[in-house]
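The opening position of the sequence shown corresponds to residue 13 in the numbering used here, with each subsequent residue numbered one higher.
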Amino acid sequence: MAAPCPERLSEAERDAAGARLRGSGLRATAPRRSLLALLDAWEGHHAVDDLAAGLADLDHPLPRQSVYNVLADLVEVGLALPADTGPGRALYERASSWHHHFVCVACGAVVDVPCVVGDKPCLEATVPGAEIDEAQVIFRGRCADCRDA
Ligand SMILES: [Zn+2]
Ligand SMILES: [Zn+2]
């Protein structure tokens, strides 16, 4: 999946990210501010390698392992989400309301799909003795571009 053209992260964007970090109880370190600002600027779903490359392009280089660590911090406080798109590279996105994903089997495009029910657990299931938190649904098929091709 091609990453969008990197733009420069403005000081205002990184400051806004810093405020959100502090609001979530995290110290607003430079790596966290840069990565959160990048997720906000790019939108969409991104692999760790793409995020590391994006940060390098933007003159805020961060080793891959640090990108993982920062993402784990952001996920823990709910500022970023691991996007459940099935097997393959782990993708991350900025936090938004609970949703599902459509994955194009031809080009790999990932598109957000609003939760049909609107809230977890999305689907009812009977699992004796269990308490169900969520049901993750992955829609697969061909996106509009691939369908027309
Ligand atoms: Zn496609
Ligand atoms: Zn998503």
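Note that the Cβ used here is the ideal one computed from N, Cα and C, for glycine as well.
The segment 41-61 contacting the segment 71-79, beta-carbon criterion three pairs below 8 angstroms: yes
Jot down the residue ranges of each uninterrupted beta strand (DSSP E) in the segment 39-111, minimum 3 residues, whole runs only, in chain order. 92-95 and 103-106
Should A29 and A49 be called a contact, given that it needs their Cβ atoms to be closer than 9 angstroms? Here the question's residue 29 lines up with position 17 in the sequence shown. Here the question's residue 49 lines up with position 37 in the sequence shown. A distance below 9 angstroms separates the beta carbons of A29 and A49.
Helix, strand or coil for D160 per DSSP? Taking the sequence shown and counting its residues from 1, the one referred to as residue 160 is at position 148. D160: helix per DSSP, three-state reduction.
Are the beta-carbon atoms of A53 and L21 separated by less than 9 angstroms? Residue numbering aside, residue 53 sits at position 41 when the sequence shown is read from its first letter. Residue numbering aside, residue 21 sits at position 9 when the sequence shown is read from its first letter. Yes, they are a contact pair.
G153 - containing beta strand (DSSP E), residue span: Residue 153 sits at position 141 when you count from the first residue of the sequence shown. Counted as a single uninterrupted DSSP element, the beta strand (DSSP E) harbouring G153 occupies residues I150 to G153.
Reduced DSSP category for D3 - H, G, I as helix; E, B as strand; rest coil: Outside the displayed span of the chain (13 to 161) sits residue 3, for which this structure offers no information.
Under 6 angstroms Cβ to Cβ from D96, same chain only, skipping five residues before and after it: list those, please. For the purposes of this step, residue 96 is taken as the residue at position 84 of the sequence shown. Once the five neighbours on either side are set aside, the close Cβ partners of D96 are Q148.
Ligand 2 and E146: does the residue's C-beta get closer than 8 angstroms to at least one heavy atom of that ligand? Residue mapping note: residue 146 aligns to position 134 of the sequence shown, counting from 1. Incorrect: E146 has no Cβ contact closer than 8 angstroms to ligand 2.
In whole angstroms, what is the alpha-carbon distance linking R32 and D62? Taking the first residue of the sequence shown as position 1, residue 32 is located at position 20. Taking the first residue of the sequence shown as position 1, residue 62 is located at position 50. About 23 angstroms.
Any residue with its C-beta under 6 angstroms from a non-hydrogen atom of ligand 2 counts. Can you list them all in chain order? H57, A95, E105, H111, H113 and D124
Got a sec? Which residues, its chain only, sit under 8 angstroms from D131 by beta carbon, not counting five neighbours each side? Translated into the one-based positions of the sequence shown, residue 131 becomes position 119. Closer than 8 angstroms at Cβ, skipping near neighbours: W110.
Is any heavy atom of ligand 1 found at a distance shorter than 8 angstroms from the C-beta of G98? By one-based count along the sequence shown, residue 98 stands at place 86. No.
Which of the three DSSP states is assigned to C134 in this structure? Here residue 134 is taken as the residue at index 122 of the sequence shown, counted from 1. Three-state DSSP puts C134 in coil, outside helix and strand.
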